[in-house]
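Chemist: Numbering (my numbering), first residue to last: 64 to 426.
(1) Classify residue 32 as buried or exposed, calling it buried when 16 or more other Cβ atoms lie within 10 Å of its own Cβ.
(2) DSSP three-state label for residue 339, please.
(3) Cβ atoms of residue 164 and residue 187: under 8 Å apart, would you say?
(4) What number of angstroms, rounded off, separates the C-alpha of residue 358 from the C-alpha of residue 207?
(5) I'd like the span of the alpha helix (DSSP H) that includes residue 249, first residue to last.
(6) DSSP state of residue 190, grouped into three classes?
(7) Am I right that residue 137 and residue 244 are in contact with their C-beta atoms under 8 Å? What's the rounded C-beta distance?
(8) With a cut-off of 8 Å on the beta carbons, I'd call residue 240 and residue 129 a contact; round off their distance for me.
(9) Are at least three pairs of beta-carbons, each pair with one atom in the segment 195 to 212 and one in the segment 225 to 241, less than 8 Å apart?
(10) Rounded to a whole number of angstroms, what is the C-alpha to C-alpha distance between residue 345 and residue 367?
(11) For residue 299 versus residue 340, is the C-beta distance shorter than 8 Å?
(12) Helix, strand or coil for residue 159, going by three-state DSSP, please let me know.
(13) Could you tell me whether the segment 374 to 389 touches the segment 347 to 356, using the rule of 3 or more Cβ pairs below 8 Å?
(14) At the level of alpha carbons, what is the spacing between residue 338 and residue 309?
(15) Compare the beta carbon distance of residue 375 and residue 264 with 8 Å and say whether it is the shorter of the two.
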């Protein structure tokens, strides 16, 4: 629908939205965001039209047909928004839609925040150009930050626009397509201003529950085994990263000199790599994380993992309290989101403890 709106009207609408949202950035940043998002919308066309094209690549047709099924399942079974998101397709002719810049002080695990009106503060800054992202990242490095630039294959407009399926992720496996669509739609259900960890952990919980149900309904026994193995690998990886991130946090909060902290910080990163190699030697399928470990390890990179998983056990605990009923789960989380941050964190901590108790009992 948006692709059919005249360019001038659409640009005006997007410009007004971004300027309304932004509080501490500058006009060049607004401009790249407006132009970048317009470019995505301009390339979008209904999936039904793409599938009907006799010249379409059979693999693309198969993947888009699977998206249609996943989209319907998301609304029917997971109670996710039933709207026009992921009902159109856009080929951007590049591997990523945006590049996000993450930064953390040299001696802190806390990510730098960028603040916006209404949406609050977030722990990254996105660019539609890799060159622009890298240029901004270099400025932050000169200021002494640990910096990580990550290519992002999808982003959510939180329901303000109808997010399209993109070529950047249409080649994913069925499992990963399901995870991404369920995750991004979850952001349209719940978004807490200024709490990135809450938002991403919630969406990750919905994603995990959704893909589990999808393969229970339509997957083979082999696919369900593959899903369980994938989740086990993720648990091992995130546990490893969070363990060493906690060591860094304790180090940075200590009374040691900055020089000693820098030395021990390097040792912790070396030990993280060594432990990963040890785990991989006993569990070869962890090789899927080789690319992650091939990057320069720093505070910013480790923090990007914690954003998505730090509160995951808590949300899984709340979902279990409601017998996996998505509507009741969403209702409880909505009420929780309205509490002051310190209050909801206490509730989430108790939910996480309960989740761990259940897992121990099940084992």
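Glycine residues also receive a C-beta, built at the ideal position from the N, C-alpha and C atoms.
Since this is a predicted model, take the numbers as computed values, not measurements.
Modeler: So, to answer that:
(1) Within the shown structure, residues of the chain are numbered from 64 to 426, placing residue 32 beyond reach of any answer.
(2) Working through the chain shown from its first residue, we reach residue 339 at position 276. Residue 339: helix per DSSP, three-state reduction.
(3) In the chain shown, residue 187 corresponds to position 124, counting from 1. In the chain shown, residue 164 corresponds to position 101, counting from 1. Yes; because the gap between Cβ atoms is below 8 Å, this pair is in contact.
(4) The residue labelled residue 358 in the question sits at position 295 within the chain shown. The residue labelled residue 207 in the question sits at position 144 within the chain shown. Straight-line Cα distance between these residues: approximately 19 Å.
(5) Here the question's residue 249 lines up with position 186 in the chain shown. First-last of the alpha helix (DSSP H) with residue 249: 237 to 252.
(6) Position 127 of the chain shown holds residue 190. Reduced to three states, the DSSP call for residue 190 is strand.
(7) As a first step, residue 137 must be located in the chain shown, where it is residue number 74. As a first step, residue 244 must be located in the chain shown, where it is residue number 181. 6 Å between Cβ atoms; contact.
(8) Taking the chain shown and counting its residues from 1, the one referred to as residue 240 is at position 177. Taking the chain shown and counting its residues from 1, the one referred to as residue 129 is at position 66. At roughly 6 Å, the Cβ-Cβ gap stays under 8 Å, so residue 240 and residue 129 are in contact.
(9) no
(10) For the purposes of this step, residue 345 is identified with residue 282 of the chain shown, where counting begins at 1. For the purposes of this step, residue 367 is identified with residue 304 of the chain shown, where counting begins at 1. So the two alpha carbons sit approximately 26 Å from each other.
(11) Translated into the one-based positions of the chain shown, residue 299 becomes position 236. Translated into the one-based positions of the chain shown, residue 340 becomes position 277. Their beta carbons are not under 8 Å apart, which means residue 299 does not touch residue 340 by this criterion.
(12) The residue you call residue 159 lines up with position 96 of the chain shown. Annotated three-state conformation of residue 159 is coil, per DSSP.
(13) Output reads no: the segment 347 to 356 does not touch the segment 374 to 389.
(14) Along the chain shown, one-based indexing puts residue 338 at 275. Along the chain shown, one-based indexing puts residue 309 at 246. Taking the straight line from one Cα to the other gives about 15 Å.
(15) Within the chain shown, residue 375 is the residue found at index 312, counting from 1. Within the chain shown, residue 264 is the residue found at index 201, counting from 1. Yes; because the gap between Cβ atoms is below 8 Å, this pair is in contact.
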